[in-house]
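Heads up: the protein sequence lines correspond to chains A and B, in order. Letter 36 of the first sequence, counting from 1, is numbered 36 in this note's numbering, and no numbers are missing. Each number in this note's numbering comes from the position in the second sequence (counting from 1) with 1000 added on. The beta-carbon is built from N, C-alpha and C at its ideal position, and this holds for glycine as well. Computed from a prediction, not measured in an experiment: that's the story for all the values here.
Number of protein chains: 2
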Amino acid sequence: MAPLFHPSRDDITLAGVLSALADPLRLRIVKSLMEQKDCMSCTAAAPCPDIPKSTLSNHFRILREAGLIQTTKKGVEHRNAVREADLNARFPKLLKTILASAE
Amino acid sequence: MAPLFHPSRDDITLAGVLSALADPLRLRIVKSLMEQKDCMSCTAAAPCPDIPKSTLSNHFRILREAGLIQTTKKGVEHRNAVREADLNARFPKLLKTILASAE
DNA sequence: TCAATAGTTCACTAGTTCTGAACCATTGAA
DNA sequence: TTCAATGGTTCAGAACTAGTGAACTATTGA
């Protein structure tokens, strides 16, 4: 199995970030992850329990490849965290402003 | 010919705005429109001259239906302007922050 | 060794985007 | 009034993308 791909800080693009957050479900996932201080598994961060596994997996892949989250394998589950430092370095205040708009 | 559709302020959604701005070409269009104080025609606001007309028209429609721009017919051309007041009222600082990230 | 859990990958369907061709509306000139 | 030019829109087909069930992999605990 190939290791999970994460872009480096400099490879994070604005278009990628906006496009990833343009989906309401993904936005809620990121919001959940921000509200928790520690990492969350994919299923724990899911907004509702009835989302198919494959769909959820797909959304997490998009968030990961856009550089929004960092995913590490921890036993049987994947722990996810928002790449806040990278995002703030690259696009200051962007994440905060977008999340604030999502009330 | 049907009049051009514009959503009311309250119908502007975050997902719609993000998704519209997630395209680099559309982001540049909005940027151009912000830098001009007066309205611009569609062709004038196009980032490069070799974009097919239908493609450009499509991008302007997406921006319009997302609530990002206001389009009015003025003779043979369409004058476009960013709906800054509506956007700031709905999502404070969002537009400014996104445009600032697009350097 | 077996079953349960947490995700991924594959393949298929449904929907979206890009673009050339054809079209419509407005204006200015003959 | 007729014609051509200008500025966009609409339509249709090709290429791409997203959502999801089924099958699969990896880890853990019994």
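Beta-carbon neighbours of residue i, restricted to chain A and to distances below 7 Å
i         : result
Thr1097/B : Lys93, Leu94 and Thr97
Residues that DSSP places opposite residue i in a beta bridge
i         : result
Glu1035/B : In DSSP, Glu1035/B forms no bridge with anything.
Glu77/A   : Lys74/A
Ile69/A   : Val82/A
Proximal chain B residues relative to residue i, where beta-carbon distance stays under 9 Å
i       : result
Pro24/A : Thr1013, Leu1014 and Ala1015
Check whether residue i and residue j have beta carbons under 9 Å apart
i         : j         : result
Asp1023/B : Ile1069/B : no
Pro1007/B : Gly1016/B : yes
Leu18/A   : Leu1099/B : no
Ser1101/B : Leu14/A   : yes
Ile12/A   : Arg90/A   : yes
Leu1056/B : Thr1071/B : no
Given residue i as reference, the closest of the options once Cα atoms are compared
i         : options                                       : result
Lys1037/B : Lys1074/B, Arg1083/B and Thr1043/B            : Arg1083/B
Val1030/B : Asp1086/B, Asn1080/B and Pro1092/B            : Asn1080/B
Pro1066/B : Asp1086/B, Glu1103/B, Lys1096/B and Pro1049/B : For the sequence presented, residue 1066/B should be read as Ala rather than Pro. That would be Asp1086/B, whose Cα lies nearest to the Cα of Ala1066/B.
Asp1050/B : Thr1072/B, Glu1035/B and Leu1025/B            : Leu1025/B
Pro1092/B : His59/A, Lys96/A and Arg9/A                   : Lys96/A
Pro47/A   : Ser54/A, Cys39/A and Leu33/A                  : Leu33/A
Ser1041/B : His1059/B, Glu1077/B and Glu1103/B            : Glu1077/B
Lys1073/B : Asp1011/B, Arg1009/B and Cys1039/B            : Cys1039/B
Continuous alpha helix (DSSP H) stretch holding residue i: start and end
i         : result
Leu1094/B : Leu1094 to Ser1101
Ala1022/B : Segment: none, Ala1022/B is in no alpha helix (DSSP H) and carries neither H nor E.
Thr1013/B : Counting along the chain, Thr1013/B falls outside any alpha helix (DSSP H), and DSSP gives it neither H nor E.
Cys1048/B : That residue, Cys1048/B, is in no alpha helix (DSSP H); it is neither H nor E in DSSP.
Interface residues of chain A facing residue i [CB-CB closer than 8 Å]
i         : result
Leu1004/B : Result: empty, since nearest Cβ-Cβ is about 23 Å, beyond 8 Å.
Leu1021/B : Leu18
7 Å Cβ cut-off: residues of chain B touching residue i
i        : result
Ser32/A  : In chain order: nothing, as chain B lies at least about 16 Å away.
Ser101/A : Leu1014, Phe1091 and Leu1094
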